[in-house]
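Chemist: Input: one structure, supplied below.
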Amino acid sequence: MDLTSPRIGPLVTATGVSFGYDRTPVLLDIDYTVEPGGFTGIVGPSGSGKTSLLKLLLGTVRPQRGQIQRQPGLAVSYVPQLETVNWSFPVTVAECVLMSRSTRRLLPWATAAEKADVAAVLERLGIAELAGRHIRELSGGQQQRMFIARALLRRPQLLLMDEPTSGVDIGTRHEVLHLLDDLNREGLAIVLTTHDLNGMAAHLPHLVALQRRIVAAGSPQEVIVPHVLEQTFGARMDVLQHLGMPVVVDGGEPARLRPVAG
Amino acid sequence: MTLWQSLLDPFGYEFFVRGLVAAVLAGALCGLIGVYITLRGMSYIGHGLSHAIFGGYAAAPLLGIPIVLGAGAWGLASALAINAITRARRIGADAAIGVVTTASFALGVALLTRFGTKGPAFDALLFGSINGVSGGDLLLLGGALVFAVTVFTVLYRAFLFSTFDPEVADVSGVSVRRMDALLMLVLSVSVLATLKIIGVTLVAATLVIPAVVARMLSDSFSRMLWISTGLGSSAGAVGMYLSFQLEIPSGTTIVLVNAVAFLVVLAVTGGRALRRAAGLNDHTDLPAPTALVGAGR
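This is the structure we're talking about:
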């Protein structure tokens, strides 16, 4: 499946965007651009506006001020948080993936071409053998792969994911990270939210630190620094370096966690 | 009269045969819609909507408009109001249903008490009746069933997607708002059409029980639709027959047959099926991920 986008120019541009629910402001003066082939992690604590920013990019909510411009004809797919899904819903993996196919067909059953598409995308994500299983029977990593498969079936240029590694174990987190990295290398632009600084954010090529406003944006080395983290999370944190990557530790106990030099 | 003759005796009465056909259609209709209602976590809406429509039944004759039209419009307005209040997210669906429909029911009782009614008898509306099922009632039921089957067939994927994952469906080309409104329309028409047979107080059970039993028996959405529709219509037939033989309101016997089916399935399948039907989202009874086909990298 070729995910490379032939389009040039930003996929989505947010200019001076403010957003809130009723009179409670959630996001203020956001200027942000999603470039083709980009891979960005939006980091911030709960309530910092991460999910709202995703929804603005997605187009399910409208800004109260400012503008969101999407490239004409842009195909965007969305992967929700696993924790919000009803895993006992009576569908198999293949049925779940097929949901995102065009809804214009007037007959309920899938065509041979649709079945072939689903089989191909499941194969691509390494879960072809699970097609007939009930969704409840999947592990965390397999659940995430299934939703990514559903998203890819629409052949998107941009994939938006809400906390893709929330509540999953370390093995699953690595699995998801590697998969997303592969998809990104094939040309798919990805924007995801995460509050997991060490496990997720530090591994991404580009980060945006959000606390209602954009506090900082850039590489992990530029964003995962003490003063940005303090502004974003409202707590002092120390940052160590490990194999060239930043590692965040609790600022309350620096002496015990600081590595011995020498 | 032999036992066989006494068993077949009801079929000699035209009113019973009409009632039986009506009960089968009503059961199938409620069973079909019930799958969508229960999977959306809106089991209480059937109960609420039937009460709301009761208000329409009482008000329509006073306003000089046909009962079916008035009660139908009233029910649809109530359903859309519930939907709108729920979407505003200020209060939950259960509270919205409670406010809108009980107020409508209270208004219906007040109007009936104060002004009487030219429509169906009070008891028949509450508990359903085998008597007086007219050709018009059968046409309404048949029309409602054809309408529901057509809607759910043509928009199968859109309804499935918007029921399972409305947020993603919305950004994938499905108008969730339109699907919600259409479901409310189908539900209103169905509750209205079945009210005379099953009754205001018992419609909810015929919407919920077949769907719950189907969920206990199957992990497949499409199979659930077949099982729930089949069980609903079968319970309608058996319930109507028992209603005649035992001289009990038809709504009561239909619901009791459904309840017996639930207990039988529960006894046979055990707690695992019940957990599945309850929508519990735990993985404790599942094989370890490593036992599944490996999908890791």
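Chains as they are written, first to last, in the numbering used here: chain A, 32 to 293; chain B, -6 to 290. Here a beta-carbon is modelled for each residue, glycine too, at the ideal position from N, C-alpha and C. Computed from a predicted structure; not experimentally measured.
1. Relative to the alpha-carbon of Ala254/B, which residue among Leu(-4)/B, Ala228/B, Val61/B has its alpha-carbon at the smallest distance?
2. Can you give me the Cβ contacts of Ile78/B inside the same chain, cut-off strictly under 6 Å, excluding the 5 residues immediately before and after it?
3. For a quick check, are the C-beta atoms of Gly121/B and Ser243/B less than 7 Å apart?
4. By how many angstroms is the C-alpha of Arg171/B removed from the C-alpha of Pro257/A?
5. Taking all protein chains shown into account, decide if His165/A is buried (16 or more other Cβ within 10 angstroms of its Cβ) or exposed.
6. Against chain B, which members of the stretch 193 to 214 of chain A pass a CB distance test of less than 8 Å?
7. State yes or no: is the beta carbon of Pro94/A nearer than 7 Å to at least one beta carbon in chain B?
8. Suppose you measure from the CA of Thr136/B to the CA of Thr123/A; what does that come to, to the nearest Å?
9. Give the DSSP bridge partners of Leu223/A, in chain order.
10. At 3 residues or longer, and completely inside the stretch 152 to 218 of chain A: list those beta strand (DSSP E) runs for me, N to C.
11. Excluding the 5 residues flanking Leu184/A on each side, which residues of the same chain have their C-beta closer than 8 Å to its C-beta?
12. So which residues of chain B does Leu87/A contact, with C-beta pairs closer than 8 Å?
13. Thinking just about the alpha-carbon of each residue, which of Asp212/A, Gly198/A, Asp193/A is nearest to the one in Leu223/A?
14. May I ask you to verify whether the stretch 241 to 254 of chain A touches the stretch 90 to 102 of chain A, counting CB pairs closer than 8 Å and requiring at least 3?
15. Within 10 Å of its beta-carbon, does Ile39/A have 16 or more other beta-carbons around it, so buried, or fewer, so exposed?
16. Hey, could you find the ends of the beta strand (DSSP E) Phe50/A is sitting in?
17. Per the DSSP calculation, Arg244/A is bridged to which residue(s)?
18. For Ser108/A, report the span of its beta strand (DSSP E) as first-last.
19. Who are the near neighbours of Ala279/A in its chain, counting only those whose CB is closer than 7 Å to its CB and skipping five residues on each side?
20. With 7 Å as the threshold, decide whether the Cβ of Val128/A is near any Cβ in chain B.
21. Using C-beta distances below 7 Å, list every residue in its chain close to Ser155/B, excluding the 5 sequence neighbours before and after it, in chain order.
22. With 7 Å as the threshold, decide whether the Cβ of Arg122/A is near any Cβ in chain B.
23. Would you verify that the beta carbon of Tyr63/A is, or is not, closer than 7 Å to some beta carbon of chain B?
24. So Arg171/B is in the alpha helix (DSSP H); what residue range does that whole segment cover?
25. Could you pull the start and end residues of the alpha helix (DSSP H) that Met209/B belongs to?
26. Run the CB neighbour count on Met177/A, radius 10 Å, all protein chains shown included, and call it buried at 16 or more, exposed below.
27. Do Pro203/B and Gly225/B have their C-beta atoms within less than 7 Å of each other?
28. With distances taken from CA atoms, which of Gly202/A, Thr82/A, His234/A is nearest Pro277/A?
29. Which two residues bound the contiguous beta strand (DSSP E) that contains Val270/A?
30. On the DSSP bridge list, what partners appear for Ile61/A?
31. Measure from the C-beta of Leu84/A to each C-beta in chain B and report whether the shortest distance is under 7 Å.
32. What residue range is occupied by the uninterrupted alpha helix (DSSP H) comprising Met217/B?
33. With three or more beta-carbon pairs closer than 8 Å as the criterion, would you say the stretch 56 to 75 of chain B touches the stretch 183 to 198 of chain B?
Modeler: In brief:
1. Checking every option, the nearest Cα to that of Ala254/B belongs to Ala228/B.
2. Within its own chain, the residues whose Cβ lies closer than 6 Å to the Cβ of Ile78/B, once the five positions on either side in sequence are excluded, are Ala89, listed in chain order.
3. Yes, Cβ-Cβ distance for Gly121/B and Ser243/B is below 7 Å.
4. One Cα belongs to Pro257/A, the other to Arg171/B, and the distance between them is close to 48 Å.
5. With 16 or more other Cβ atoms within 10 Å, it is buried.
6. Hits within the stretch, in order: Gly202, Glu206, His209, Leu210.
7. Not an interface residue.
8. At residue 136/B the sequence reads Gly, which differs from the Thr that was named. If I take the Cα positions, the gap works out to 33 Å.
9. Paired residue(s): Gly72/A, Met192/A.
10. Listed in chain order, they are 189 to 193.
11. If the five residues before and after Leu184/A are omitted, its C-beta is found closer than 8 Å to the C-beta atoms of Val128, Leu129, Ser131, Arg132, Asp148, Val149, Val152, all from its own chain and listed in chain order.
12. Per Cβ cutoff of 8 Å: no residues; Leu87/A is ~12 Å from chain B at best.
13. Nearest C-alpha to Leu223/A: Asp193/A.
14. Judged by Cβ distances under 8 Å, the stretch 241 to 254 of chain A makes no contact with the stretch 90 to 102 of chain A, as fewer than three pairs qualify.
15. When all chains shown are included, Ile39/A counts as exposed.
16. Where Phe50/A is concerned, the enclosing beta strand (DSSP E) stretches over 43 to 52.
17. DSSP output for Arg244/A lists Gln242/A as bridge partner(s).
18. Where Ser108/A is concerned, the enclosing beta strand (DSSP E) stretches over 107 to 110.
19. For the record, residue 279/A in the displayed sequence is Val; it is not Ala. Annotation for Val279/A: Leu228, Asn229, Ile255, Leu260, Met268, Val270 place their beta carbon closer than 7 Å to its own, counting only its chain and skipping 5 residues before and after.
20. No, Val128/A lies away from the interface with chain B (no Cβ there is under 7 Å from its Cβ).
21. Counting only Cβ-Cβ distances below 7 Å, and skipping sequence neighbours, we find Ala162, Val167, Val169, Met172.
22. The question names Arg, yet the displayed sequence has Val at residue 122/A. At least one CB atom of chain B sits nearer than 7 Å to the CB of Val122/A.
23. Among the residues facing chain B, Tyr63/A is not included, as its CB has no counterpart in that chain under 7 Å away.
24. Going by DSSP, Arg171/B is part of the alpha helix (DSSP H) stretching over 169 to 191.
25. Counting along the chain, the alpha helix (DSSP H) containing Met209/B begins and ends at 196 to 210.
26. Counting the other Cβ atoms within 10 Å of the Cβ of Met177/A gives 16 or more, which makes it buried.
27. Yes.
28. The option with the nearest alpha carbon to Pro277/A is His234/A.
29. Counted as a single uninterrupted DSSP element, the beta strand (DSSP E) harbouring Val270/A occupies residues 268 to 273.
30. DSSP lists Val48/A as partners of Ile61/A.
31. Taking a beta-carbon distance threshold of 7 Å, Leu84/A does not count as an interface residue toward chain B.
32. Boundaries of the alpha helix (DSSP H) around Met217/B: 214 to 239.
33. The stretch 56 to 75 of chain B makes contact with the stretch 183 to 198 of chain B; the number of CB pairs closer than 8 Å reaches 3 or more.
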